[in-house]
Amino acid sequence: MDTFRFVKARDESHAIQAASQSKTAQQGAEVRFVAGGTTLIDLMKLNVERPSQVIDINHLPLGNVEKLQDGRLKIGALVRNFDLAHHAVVQSEYPVLSQALLAGASAQLRNMATTAGNLLQPTRCVYFRNTAMACNKRAPGSGCSAIEGDNRTLAILGTSSNCIATNPSDMNVALTALEATIHIQNKTGQRELPIDDFFVVPGSTPQRENVLEPGDLITYVTLPASRPGAKSVYLKLRDRASYEFALASAAVVVDVVESKFNRVRIALGGVGTKPWRSRAASYSAFSDRSPFSRASLIAWMIAGRSTAFRRTNSALSISAPRAVIGMATIAEKTVRKEGAPLRRKNKAPALPGPTPTYFTGAAQCWQVSRCNDCRS
Ligand SMILES: Cc1cc2nc3c(=O)[nH]c(=O)nc-3n(C[C@H](O)[C@H](O)[C@H](O)COP(=O)(O)OP(=O)(O)OC[C@H]3O[C@@H](n4cnc5c(N)ncnc54)[C@H](O)[C@@H]3O)c2cc1C
Ligand code: SF4
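At position 296 of the sequence shown (counting the first as 1) the number is 408 in the numbering used here, and the numbers step up by one without a gap.
What follows is the structure in structure tokens.
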């Protein structure tokens, strides 16, 4: 780890002023904010991040969750993941967000991790975190070790020939399905962006993951007012039952009017270079066919076409999109049946039970011995 200057921000403008001295706010920034530190400090120890100045923003007044008069929920950038997951309004009106947060990392990490830090965590691609390996995101122009290497956890949607890294955050998937807005302060004032426009796909500039510029401080995130009858659920598939990033995940938010689906929003995690909004699945009008099955079909086709990007580890290239669709189908059933979050069992359930249809054939279900979801 390189030597760096540590500064405690007196207020927002002090933090912004200091960060404005950086040439970039993306990979390789000379000045970094530190919130919970659970990502930044790791990357500094690995010499992936080498800021000469670290600005502690933990004393800024950005730690509240507030219901606004127009019904929106305002979440401060420094709200800890634990506090957000257990907030009464989040649990009752945005259960998908609570479930996504609780599916991420560990209890200790969630106590430290913040809303903005989680939003901005970079990919977990192993080559990005290893300075001995070529990586276009860390060192632009050096090549991508993952394309011919260990890529079983990497993206199949939004990739380019320069980078196939996955956005790793669970929270971001829920925020995308909820159509969150990101609020940013800098020297010239405030601006706000829909989350879908905040993240960018790698293209020819994989070192850029979002639209942030030097001096940009995320101040808060807002969620649209929850509609009466709205239901939501988050499902995550991973190599082990906890403390593990998603191989594939789905956040589903539906508005139910007179017992019918009125609008469906689906975001996919673990399979995209950014939290992946499946727009094909968003229907403003309800038809007598299940919008979900049509959406699942379209998403399956898109994911199937994209398997060409997976050059190695092809077993997973087939199974990951299939798993997502499986999960979306389970989510549909759950939302239809009870409108309540899936309850995961802590203990491994008794086997066998019928073989889950979603994960048969070439695909293997990693969860079958550990959870009851597949057999619900
Ligand atoms: C072992 C392990 C397992 C994990 N598993 C999961 C998982 O399963 N799912 C998951 O989603 N996550 C997982 N995580 C990641 C974890 O959620 C993140 O490390 C955490 O959310 C980051 O938040 P932080 O506040 O600690 O960020 P920091 O490390 O403090 O900051 C991260 C980045 O955000 C920037 N930043 C922070 N606040 C602001 C702001 N207000 N404005 C502008 N920039 C800002 C920092 O400069 C830095 O670049 C895991 C982490 C570890 C170490
Ligand atoms: S996938 Fe992206 S992050 Fe991973 S090695 Fe390739 S360029 Fe680097």
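Ideal placement from N, C-alpha and C gives every residue a C-beta, glycine not left out.
For residue j and residue i, the rounded distance between their alpha carbons
i: SER489; j: VAL202; result: No answer is possible for residue 489: the residues shown for the chain start at 113 and end at 488.
i: THR265; j: VAL383; result: 8 Å
i: LYS135; j: ALA251; result: 16 Å
i: LEU232; j: GLU370; result: 39 Å
i: ALA337; j: ALA121; result: 32 Å
i: ASP328; j: ILE128; result: 7 Å
i: ASN223; j: PRO318; result: 30 Å
i: ARG117; j: PRO387; result: 33 Å
i: PRO326; j: ASP367; result: 38 Å
i: GLU161; j: TYR239; result: 14 Å
i: THR243; j: ASN159; result: 7 Å
i: LYS157; j: TYR206; result: 36 Å
i: SER204; j: SER273; result: 42 Å
i: MET283; j: ALA212; result: 5 Å
i: LYS459; j: ALA353; result: Caution applies to LYS459, whose pLDDT of 38 falls short of 50 and renders its modelled position unreliable; the value that the coordinates give is listed next. Distance between the alpha carbons of LYS459 and ALA353 is about 10 Å.
i: THR385; j: GLY253; result: 19 Å
i: MET245; j: CYS275; result: 14 Å
i: LEU185; j: VAL177; result: 7 Å
i: VAL143; j: GLN133; result: 7 Å
Residue from the options whose Cα sits closest to the Cα of residue i
i: LYS348; options: VAL364, THR243, SER338; result: VAL364
i: ARG389; options: PRO318, GLU205, SER210, ILE307; result: ILE307
i: ALA258; options: SER272, ILE268, CYS237; result: CYS237
i: ASN298; options: ALA267, VAL323, ILE330; result: ILE330
i: ASP114; options: THR243, ALA141, LEU209, SER164; result: SER164
i: LEU335; options: ASP282, VAL368, THR293; result: THR293
i: ILE378; options: VAL208, GLY188, ASP182, THR278; result: VAL208
i: ALA141; options: ALA130, GLY148, PRO314; result: ALA130
i: ALA508; options: GLN181, HIS171, ASP182; result: The chain is shown only over 113 to 488; residue 508 falls outside these bounds and no answer can be derived.
i: SER316; options: CYS247, HIS126, VAL191; result: CYS247
i: TYR355; options: ALA219, GLY341, ALA267, GLU291; result: ALA219
Same chain only: Cβ atoms within 6 Å of residue i, ignoring 5 sequence neighbours per side
i: VAL75; result: The requested residue 75 does not occur in the structure, where the chain is confined to residues 113 to 488.
i: ALA342; result: ASP367
Any chain B beta carbon closer than 8 Å to residue i
i: THR150; result: The structure shown contains no chain B; it holds only a single protein chain.
Close beta carbons around residue i, own chain, < 7 Å, minus the five adjacent residues each side
i: MET413; result: Residue placement at MET413 is poorly supported in this model, since its pLDDT is 45, which falls under 50; the coordinates are not used for a value here.
i: GLU321; result: GLN138, PRO234, PHE311, VAL312
i: LEU221; result: THR150
i: ALA241; result: The displayed chain sequence assigns Arg, not Ala, to residue 241. These residues qualify, in order along the chain: LEU158, VAL160.
i: PRO225; result: Pro is not the amino acid found at residue 225; the sequence shown has Ala there. The answer, listed in chain order, is GLY148, THR150, ARG192, ASN193, ALA217.
Cβ neighbours of residue i in the same chain (closer than 8 Å, five flanking residues each side left out)
i: GLN302; result: HIS295, ILE296, THR331
i: SER281; result: GLY216, ASN230, LEU231, GLN233, GLY381, PRO387
i: ALA289; result: VAL208, SER344, ALA363, VAL364, VAL365, ARG377, ILE378, ALA379, ARG389
Residue(s) in a DSSP beta bridge with residue i
i: ILE187; result: VAL177, VAL333
i: VAL119; result: ILE167
i: LYS348; result: SER361
i: PRO306; result: THR293
i: PHE145; result: ILE167
i: SER272; result: CYS275
i: ASP367; result: ALA342, ARG375
i: GLY384; result: LEU269
In chain order, what are the residues with a CB under 5 Å from some non-hydrogen atom of ligand 1? ARG144, PHE145, VAL146, ALA147, GLY148, GLY149, THR150, THR151, LEU152, ALA189, GLY216, ALA217, ALA225, THR226, ALA228, GLY229, ASN230, LEU232, GLN233, SER281, ASP282, LEU329, ILE330, PHE357
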